[in-house]
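The C-terminal position of the sequence shown is numbered 359 in our numbering, with every residue numbered one higher than the one before it.
Notes follow the structure.
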Amino acid sequence: MNAEAEGRAAAARFRRDHHLGTQPLGDLVAIIEQTTGIDVAILDVGPDEHGLTVRDPKRDAVFIGVARTSRPMRQRSTLAHELAHVLFEDWTDGGTGTWSDRTPTEIRADAFARHLLVPVDGLREFLGHRAKLAQSTLSEVVQRFLVSPQIAAIALHQAEYVDDDTKREWMTLTAPQLATRFGWSDQYRALRADSDQRRAPQRLLARAIRGYEEGVLSAQAIATLRGITLAAAETDLREAGVVPVQQATEWADPAELPDVRVDLAALDKALNTPDDDGRPATVERPAE
């Protein structure tokens, strides 16, 4: 199989194995964390960084990090792309080539992302037997599957809804343009606000909150993990009813203490034993 076919087959298998059907996927971070157990974080990174997968071979732990961005469709495709690297076990030591190289591995991950986000069968179920498509249809696909116009145009071409020329023309458009032109700019702004904020791995944050409840972790640690202020973290915890457990201090009643018998006979004997000069031993006390 070539990279495109491998990516498509893996995407279909992932949907099938996790009972995702052919419908649009919602929150990709939650889907990845719940289906694979991988920790996913949305991070503050440089402007040219998009996503990265890190694996600890000793603990067999995998972590996916993607960048905060005002381009929500790109963030979703990046998440799906990084998931492909995990599923195909595309591990590298980072010392060969550059991350921007269009290697077969990267092409395969891109194909996986496209087919995971917009399965051809799901697209056909959505559009039915429409004969002639306009830009408004492209907008519907972008809005429904939450993908870029580029991914949507490729999917429409693969599903034989548009020809090569139309695909190339539509790939020059942007999601904000379509959202403004076809009346869903408010939804796009909400999507952009959601993708442009930090997000801690859910399992890690849940463990930290349990530590806070047990009194072994501070609210500041929660705030740092979430990338918010201490006041905001304390407010969220308090409103959710999450408070540290108050450990009760048990005080003993003096009447319950056992009687202690002190035998001073040995001490008296030592004090009355003569020194080498024949005089009784003396105890020197420090000056007051």
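By construction, the Cβ of each residue, glycine as well, lies at the ideal position given by its N, Cα and C atoms.
Beta-carbon separation (whole angstroms), residue i vs residue j, contact threshold 8 Å
| i | j | result |
| --- | --- | --- |
| residue 93 | residue 193 | 3 Å |
| residue 191 | residue 249 | That belief does not hold up - the Cβ atoms of residue 191 and residue 249 are roughly 21 Å apart, past 8 Å. |
| residue 227 | residue 204 | 7 Å |
| residue 180 | residue 78 | 7 Å |
| residue 155 | residue 184 | 6 Å |
| residue 103 | residue 150 | 7 Å |
| residue 112 | residue 272 | 5 Å |
Close-in-space but distant-in-sequence residues of the same chain around residue i (CB under 7 Å, 5 per side omitted)
| i | result |
| --- | --- |
| residue 279 | 288, 292, 293, 296 |
| residue 144 | 217, 218, 219, 246 |
| residue 379 | With the chain covering only 72 through 359, there is no way to say anything about residue 379. |
| residue 263 | 141, 143 |
| residue 317 | none |
| residue 196 | 93 |
| residue 215 | 95, 197 |
| residue 359 | Low local confidence applies: a pLDDT of 46 at residue 359 is under 50, so the model's placement there is unreliable, with the coordinate-based value given in what follows. Result list for residue 359: empty, nothing under 7 Å. |
| residue 230 | 191, 194, 195 |
| residue 259 | 246, 247, 250 |
| residue 146 | 137, 140, 266 |
Same chain, Cβ closer than 8 Å to residue i, neighbours up to 5 away in sequence not counted
| i | result |
| --- | --- |
| residue 314 | 284, 308 |
| residue 114 | 136, 137, 138, 139, 269 |
| residue 276 | 293, 296, 297 |
| residue 116 | 136, 138, 139 |
| residue 290 | 283, 301, 304, 305, 308 |
Buried versus exposed, by CB contacts within 10 Å (16 or more), residue i
| i | result |
| --- | --- |
| residue 153 | buried |
| residue 261 | exposed |
| residue 241 | buried |
| residue 274 | exposed |
| residue 121 | buried |
| residue 98 | exposed |
| residue 141 | exposed |
| residue 186 | buried |
| residue 329 | exposed |
| residue 224 | buried |
| residue 257 | exposed |
| residue 306 | exposed |
| residue 105 | exposed |
| residue 130 | exposed |
| residue 300 | exposed |
| residue 236 | exposed |
| residue 234 | exposed |
| residue 201 | exposed |
| residue 127 | exposed |
| residue 86 | buried |
| residue 265 | exposed |
| residue 88 | exposed |
| residue 357 | Since pLDDT at residue 357 reaches only 49, below the 50 mark, its modelled position is unreliable, and the value read off the structure follows with that caveat. It is exposed - the Cβ of residue 357 has fewer than 16 other Cβ atoms within 10 Å. |
Other residues of its chain near residue i: CB distance less than 6 Å, five sequence neighbours each side excluded
| i | result |
| --- | --- |
| residue 75 | 182 |
| residue 208 | none |
| residue 244 | 220 |
| residue 82 | 183, 186, 187 |
| residue 165 | Confidence in residue 165 is poor, its pLDDT being 48 and thus under 50, which makes the residue's placement unreliable; the coordinate value appears in the next sentence. Same-chain partners within the cutoff: there are none. |
| residue 232 | 204 |
| residue 210 | 249, 253 |
| residue 134 | 110, 125 |
| residue 176 | 161 |
In DSSP terms, what residue i is bridged to
| i | result |
| --- | --- |
| residue 113 | 137, 270 |
| residue 124 | 135 |
* Asked: Which full runs of the alpha helix (DSSP H) of 4+ residues lie inside the region 139-194, going along the chain?
  -> Runs of the alpha helix (DSSP H) lying entirely within the region 139-194 and spanning at least 4 residues, in chain order: 143-158, 175-188.
* Enumerated in chain order, which unbroken segments of the alpha helix (DSSP H) with a length of 4 residues or greater are wholly contained in the region 182-260? -> Complete alpha helix (DSSP H) runs here, min 4: 191-198, 206-216, 220-229, 235-241, 246-252.
* **Ranges of the alpha helix (DSSP H) found wholly within the region 258-310, counting only runs of at least 4** => Listed in chain order, they are 273-284, 290-297, 301-310.
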